[in-house]
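Asker:
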Amino acid sequence: MTTITIGKILHKYQNFLTEYEVKKLREVQRGKTDFPTQVNDLKHALFGEEWDFMTKENSDTGNPMSQEYTDRVNKKREAFGVSPINDDGYSTDNTSDIFCEEVVRHTKNYKELLELKKKNAKQIVFVDMDNVLVNFQSGIDKISEEEKLKYEGDLDDVPGIFSLMDPYEGAIEGYKWLAKNFDTYILSTAPWDNPSAWTDKLLWVKKHLPDVAYKRLILSHNKHLAKGDFLIDDRTANGAENFPGKHIHFSEKGKGFEDWKTVISYMKNLA
Ligand SMILES: [Mg+2]
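Start counting the sequence shown at 9; every next residue gets the next number (our numbering).
1. Given this structure, state the Cα-to-Cα distance separating D174 from E154, to the nearest angstrom.
2. Cβ of D136 within 6 Å of any heavy atom in ligand 1?
3. Sort out for me which residues DSSP pairs V135 with in a bridge.
4. May I ask you to report which of helix, strand or coil DSSP gives H19?
5. Hey, out of R85, A187, K231 and K126, whose CA is closest to L54's CA?
6. Leaving out five residues on either side along the sequence, give the residues of the same chain with a beta carbon under 6 Å from the beta carbon of N66.
7. Rounded to the nearest angstrom, what separates V142 and T270 at their Cα positions?
8. Measuring from the CB of P242, is there a heavy atom of ligand 1 at a distance below 6 Å?
9. Quick check: does the Cβ of N189 come within less than 6 Å of any heavy atom belonging to ligand 1?
10. Is P175 helix, strand or coil when you go by DSSP?
11. What separation, rounded to the nearest whole angstrom, lies between the Cα atoms of S6 and G168?
12. Count the other C-beta atoms from every protein chain shown that fall within 10 angstroms of the C-beta of A187, then say buried if there are 16 or more, exposed otherwise.
13. Are the CB atoms of V111 and I240 within a distance shorter than 7 Å?
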């Protein structure tokens with residue numbers, strides 16, 4: 009996970025940069041533009057090679073088609089964990105976009121955040137329930153074999169199943185920490201065909217997070233409409249994929265945010 013700032017790049021990675029890139033980076037560092045503008049400016053400053061190939065005749069940074077040029081930019085990209093450009097000078101994926109977004113987020117010098125701080129307000133975080141706050145399997149383990157057979161493939165439709173579930177490991181402590189440092193809400197989807205789940209989810213929150221999540225439960229099939237900065241969710245369904253802020257993909261090992269510990273250590277740098 010990237011926890012790098014523009015300042016850190018200038019201090020620790022200067023060997024990988026040309027004078028021109030350093031100069032451009034300093035300009036972006038002065039910041040105060042809005043988030044998307046800053047991400048775009050940073051990308052042009054740091055990964056100019058993604059445009060250079062189009063203007064090879066008058067490039068300041070060497071002939072974009074030479075092997076020497078490609079070797080240098082790819083060494084730099086590797087240092088930042090960004091995929092190399094291909095022989096035609098094109099980036100092959102969105103790793104440079106994601107890198108730049110994370111750098112701007114951690115540099116914390118963009119307009120939206122500065123305005124929040126001026127108002128003494130906090131960034132908004134939404135937290136999903138099933139398999140993030142709630143250990144879904146623990147509910148399945150408590151139902152009868154008959155019910156398991158009857159609802160095979162649709163276990164979230166078993167009446168009352170949501171009230172049986174235990175918290176996910178580290179979730180209660182994690183949520184409490186978030187609630188102190190961010191404007192934190194629960195954003196969950198209750199199954200349309202299991203009306204008792206809507207009640208059970210409320211009861212679960214009242215039982216496990218009675219004070220910190222008081223009146224902060226949102227049940228929705230349209231998570232993309234929630235306006236906020238972060239969504240911690242193990243899935244991309246019900247609009248999570250199109251959430252306008254950062255989707256923290258809580259999930260299996262090896263995919264980035266594998267558990268609550270990883271999520272909190274990431275969020276600590278952003279609080
Ligand atoms: Mg979930």
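Idealized CB from N, CA, C, for every residue including glycine.
Answerer: On the basis of the supplied data:
1. About 21 Å.
2. Placement of the Cβ of D136 at a distance of less than 6 Å from at least one heavy atom of ligand 1 is found.
3. V135 pairs with I194 and I240.
4. Here H19 sits in helix by DSSP.
5. The candidate whose alpha carbon is nearest that of L54 is R85.
6. Residue placement at N66 cannot be trusted, given a pLDDT of 47 that sits under 50; what the coordinates show is reported in the next sentence. Excluding positions up to five away in sequence, the list is empty.
7. V142 and T270 have their C-alpha atoms some 17 Å from each other.
8. Per the sequence shown, the amino acid found at residue 242 is Asp instead of Pro. Here the distance from the Cβ of D242 to the nearest heavy atom of ligand 1 is below 6 Å.
9. Checking every heavy atom of ligand 1 against the Cβ of N189, none is found closer than 6 Å.
10. Residue state, collapsed to three classes: strand.
11. Residue 6 falls outside the range modelled here, since the chain spans only 9 to 279, and no answer is possible.
12. Buried is the call here.
13. Going by C-beta atoms, I240 is not nearer than 7 Å to V111.
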